[in-house]
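Using our numbering, read the sequence shown as starting at 1 and increasing by one per residue.
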Amino acid sequence: MLDIRELYRATNPSRTLDVSKASDRELYIDFSSVRGGSTIAEMRDKISFFSPDEPTVQLFTGHLGCGKSTELLRLANELREQQFHVIYFESSQDLEMGDIDVTDILLAIARRISESLGELEQLELDTPRGLQRLLRGAARILQTEIDLAAELDVPGLGNVQASTEGKGSFSAEVGIPGLGQFEADSEGLSLVALGIGKISAKARNSPELRGKLREYLEVRTTNIIDAINRELIEPAIAKLKTLGKQGLVVIVDNLDRVEKTIKPWGRTQPEYLFVDRGEQLRQLQCHVIYTMPLALLYSNDLNPLTSRFGTDPKLLPMVPVRHRDGTDHLEGMEKMRQMILTRAFPHQQESERHTGILDLFESLDLFNDLCRLSGGHVREILRFLNTWIMKERHLPLSRQGLEVVIRERRDRMLYAITEDEWALLKQVHQRKQVAGDDSYDLLISSMFVYEYRDEIGSWFDLNPILEPIARQNS
């Protein structure tokens, strides 16, 4: 018998699946057959097949919550299986998403590379003295005493006691599972990771300190890129290849969550980072993948953006639950059903799970309506179901409960829609297309409009929970 609390935990919409873990792998559903092809396979092959020995940069985008992080973790796992050293991190853990500059991103990448390489016992690099000089200068600007004893919890290394004493050296007591505590000395990577982490933490919590730091770093952007390439990336790739690795890949997730704040000179933060400064983000001499805000894909800046990066952004579209003509997309509907059934019955075979539908929902029609109302948005269907379970607290779930969940979600969305936006939404619903202006960008980033792919190409439609209101206002 299903446990309602276990089902609630299994449908947590915030959970990101990592297919390198067996428990997550059994929950993973491959949607590529209904999404118009495997975007992840294309990105993997660009690195591993076409350009393994040349640096590449790729941009990845899609609606918030459509499964990008899960797919990027899958990509990381597949590249590791092909003997690449892969560093995946969520930029939102390192950066203040409402106020980011290019140097913030570059230093976050340098920190993560330093941490990751520092964990490899067989890999030793010369002391990155150029980066250390930059960090000491930044520390002086921030009046941060990096040369004093510091305590920092470094991901992957545990609790680190560090003292630099102004000599560019580093001593640490490190706890590693299975080995216990031991003393280690290093003059390079650990100091860089520690210094960037300390400086970033102080700057992240203070707009004034961020401003001071940027005044110092901005004019040194070229030096920062050169130091990262010359002292970290290039020697690391050479050493990794002696260990049988194919190369170095850095995946920077969550940059699609960069807030659309306006810079003092009038550009939005996404436009500034990816269009105005995109050429600098592409200069790292390894394989780099950045997520980017979806709205840039529909802006007038798309051509300059692709020119700066030298590549077209890759889109992860929604899972189609209907065709352009409004009829059910049978394969897409089945994929969405399987995603829910896999979380409810993770240890059963796919062919057996359908027998449990009526244990979950009072009818198959109700289950299908849930899939239709989600619009093929994987996080949204989990959010609906998770809220529904919490409200009803018993199985099978009822139609009345779903209606309450959808009504509450629709009401929250309606507060944000203006009359002008309703006119645009009706046009999208009729034409299945959007135009390239800021008004449509807002509709897409607000999840009022979803994008799909089929054999003809891209098409758009309203978030299904808004359609009844759009019909009333026609």
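A virtual CB, placed ideally from N, CA and C, is assigned to each residue, including glycine.
### Three-state class that DSSP yields for residue 154 in the structure shown
Position 154 of the sequence shown holds residue 154. At residue 154, the pLDDT of 38 sits below 50, so the modelled position is not reliable and the matter cannot be decided from this model.
### Task
Can you check the stretch 408-457 for any alpha helix (DSSP H) of at least 4 residues that lies completely inside it and give the ranges in chain order?
Runs of the alpha helix (DSSP H) inside the stretch 408-457: 419-431 and 438-445.
### Task
Go through its chain and collect everything with a Cβ distance to residue 449's Cβ below 8 Å, but skip five positions before and after it.
Working through the sequence shown from its first residue, we reach residue 449 at position 449. Here the set comprises 425, 428, 434, 440, 443, 460, 461, 462 and 463.
### Query
Among 466, 313, 77 and 408, which one has its Cα closest to the Cα of residue 22?
Here residue 22 refers to the residue found at position 22 when the sequence shown is read from its first residue. Here the closest residue by C-alpha is 77.
### Task
Would you check if the stretch 33-45 and the stretch 392-412 touch, i.e. whether three or more CB-CB distances between them fall below 8 Å?
These segments do not touch.
### Query
When DSSP labels each residue in this structure, what does residue 518 get in the three-state scheme?
There is simply no residue 518 to check, as the chain begins at 1 and stops at 474 in what is shown.
### Task
Pull up the CB-CB distance for residue 117 and residue 189, whole angstroms please, since I reckon it's below 8 Å.
For the purposes of this step, residue 117 is taken as the residue at position 117 of the sequence shown. For the purposes of this step, residue 189 is taken as the residue at position 189 of the sequence shown. Their Cβ separation, rounded to whole angstroms, is 6 Å, which keeps residue 117 and residue 189 in contact under 8 Å.
### Task
Return the chain-ordered ranges of every alpha helix (DSSP H) run that is complete within the stretch 36-60 and spans a minimum of 4 residues.
If we require 4 residues or more, the alpha helix (DSSP H) runs fully inside the stretch 36-60 come out as 39-45.
### Task
Whole angstroms is fine: what's the gap from residue 119's alpha carbon to residue 85's?
Reading the sequence shown from its first residue, position 119 is the one you call residue 119. Reading the sequence shown from its first residue, position 85 is the one you call residue 85. Straight-line Cα distance between these residues: approximately 12 Å.
### Cβ-Cβ separation, residue 252 to residue 109 (assumed contact under 8 Å), whole Å
Locating residue 109 in the sequence shown gives position 109, where the first residue counts as 1. Locating residue 252 in the sequence shown gives position 252, where the first residue counts as 1. Indeed, because the Cβ distance is near 7 Å, the residues count as touching under 8 Å.
#### Entry: Entirely enclosed beta strand (DSSP E) segments - the stretch 231-287, minimum 3 residues
Runs of beta strand (DSSP E) with 3 or more residues, each lying fully within the stretch 231-287, are found at 247-253, listed in chain order.
### Task
Return the bridge partner residues of residue 88 from the DSSP annotation.
Mapped onto the sequence shown, residue 88 falls at position 88. Answer by DSSP bridge pairing, in chain order: 251.
#### Entry: Proximity winner among 454, 70 and 200, relative to residue 24 (alpha-carbon distances)
As a first step, residue 24 must be located in the sequence shown, where it is residue number 24. The shortest C-alpha separation from residue 24 is found at 70.
### Query
With which residues is residue 361 paired in a DSSP beta bridge?
Indexing the sequence shown from 1 puts residue 361 at position 361. For residue 361, which the question treats as bridged, DSSP gives the partners 397.
### Task
Report the partner residues of residue 291 according to the DSSP bridge assignment.
Taking the first residue of the sequence shown as position 1, residue 291 is located at position 291. For residue 291, DSSP records a beta bridge to 60.
### Message
Since residue 314 and residue 59 should fall inside the 8 Å C-beta cutoff, what is the C-beta to C-beta distance between them, to a whole number of angstroms?
### Response
Residue 314 sits at position 314 when you count from the first residue of the sequence shown. Residue 59 sits at position 59 when you count from the first residue of the sequence shown. Indeed, because the Cβ distance is near 7 Å, the residues count as touching under 8 Å.
### Message
Assuming the contact rule is C-beta atoms closer than 8 Å, residue 236 and residue 130 should be a hit. Round their C-beta distance to whole Å, please.
### Response
Position 236 of the sequence shown, counting from 1, holds the residue named residue 236. Position 130 of the sequence shown, counting from 1, holds the residue named residue 130. Actually they do not touch by this definition, with Cβ atoms about 15 Å apart.
### Query
Does the distance from the C-beta atom of residue 336 to that of residue 286 stay below 7 Å?
Reading the sequence shown from its first residue, position 336 is the one you call residue 336. Reading the sequence shown from its first residue, position 286 is the one you call residue 286. At a Cβ-Cβ threshold of 7 Å, residue 336 and residue 286 do not count as neighbours.
### Task
Check whether the Cβ atoms of residue 357 and residue 345 sit closer than 7 Å, and answer yes or no.
Translated into the one-based positions of the sequence shown, residue 357 becomes position 357. Translated into the one-based positions of the sequence shown, residue 345 becomes position 345. Taking 7 Å as the cut-off, the beta carbon of residue 357 is found no closer than this to the beta carbon of residue 345.
### Task
Have a look at 282, 339, 276 and 142 and flag the residue whose alpha-carbon is nearest the alpha-carbon of residue 199.
The sequence position of residue 199 within the sequence shown is 199, counting from 1. Here the closest residue by C-alpha is 142.
### Query
Taking just the CA atoms, how far does residue 405 sit from residue 125?
For this step, residue 125 is matched to residue 125 along the sequence shown. For this step, residue 405 is matched to residue 405 along the sequence shown. Pairing residue 125 with residue 405, the inter-Cα distance amounts to about 55 Å.
### Message
If contacts are defined as beta-carbon pairs under 8 Å, then residue 378 and residue 37 qualify, I think. What distance do you get, rounded to the angstrom?
### Response
Locating residue 378 in the sequence shown gives position 378, where the first residue counts as 1. Locating residue 37 in the sequence shown gives position 37, where the first residue counts as 1. Contact doesn't hold; Cβ gap of about 17 Å is too wide.
### Query
Within this structure, are the beta carbons of residue 135 and residue 65 separated by less than 7 Å?
In the sequence shown, the residue the question calls residue 135 occupies position 135. In the sequence shown, the residue the question calls residue 65 occupies position 65. No, the pair does not count as a contact, with Cβ atoms beyond the cut-off.
#### Entry: Distance between residue 63 and residue 242 (C-alpha atoms, nearest Å)
Along the sequence shown, read from residue 1 onward, the residue named residue 242 stands at position 242. Along the sequence shown, read from residue 1 onward, the residue named residue 63 stands at position 63. In this structure, the CA atom of residue 242 is about 40 Å from the CA atom of residue 63.
### Task
Count the other CB atoms, across all protein chains shown, that sit within 10 Å of the CB of residue 50; report buried if there are 16 or more and exposed otherwise.
Locating residue 50 in the sequence shown gives position 50, where the first residue counts as 1. Counting Cβ neighbours within 10 Å, residue 50 comes out exposed, since fewer than 16 surround it.
#### Entry: Whole-angstrom C-beta distance between residue 48 and residue 79, which should lie under 8 Å
By one-based count along the sequence shown, residue 79 stands at place 79. By one-based count along the sequence shown, residue 48 stands at place 48. The distance from the Cβ of residue 79 to that of residue 48 is about 6 Å, consistent with a contact at the 8 Å cut-off.
#### Entry: Residues bridged to residue 459 [DSSP beta-bridge criterion]
For the purposes of this step, residue 459 is identified with residue 459 of the sequence shown, where counting begins at 1. Note: residue 459 is bridge-paired with 452 in the DSSP secondary-structure output.
### Query
Cβ-heavy atom distance between residue 285 and the ligand ZN below 6 Å?
The ligand ZN is absent from the structure shown, which contains no ligands of any kind.
### Query
Quick one: what does DSSP say residue 198 is sitting in, helix, strand or coil?
For the purposes of this step, residue 198 is identified with residue 198 of the sequence shown, where counting begins at 1. Residue 198: helix per DSSP, three-state reduction.
### Task
Would you mind working out which of 219, 217, 220 and 250 sits nearest residue 232, comparing C-alpha positions?
Translated into positions along the sequence shown, residue 232 becomes position 232. Closest by alpha carbon: 250.
### Task
Compare the beta carbon distance of residue 521 and residue 343 with 7 Å and say whether it is the shorter of the two.
Residue 521 is absent from the structure shown; the chain starts at 1 and stops at 474.
### Query
Whose CA, out of 270, 269 and 140, lies closest to the CA of residue 213?
Start at 1 with the first residue of the sequence shown, and residue 213 comes out as number 213. Selected option, being the one with the closest Cα: 140.
### Backbone secondary structure at residue 187 - three-state DSSP
Here the question's residue 187 lines up with position 187 in the sequence shown. Low local confidence applies: a pLDDT of 49 at residue 187 is under 50, so the model's placement there is unreliable, and no value is given.
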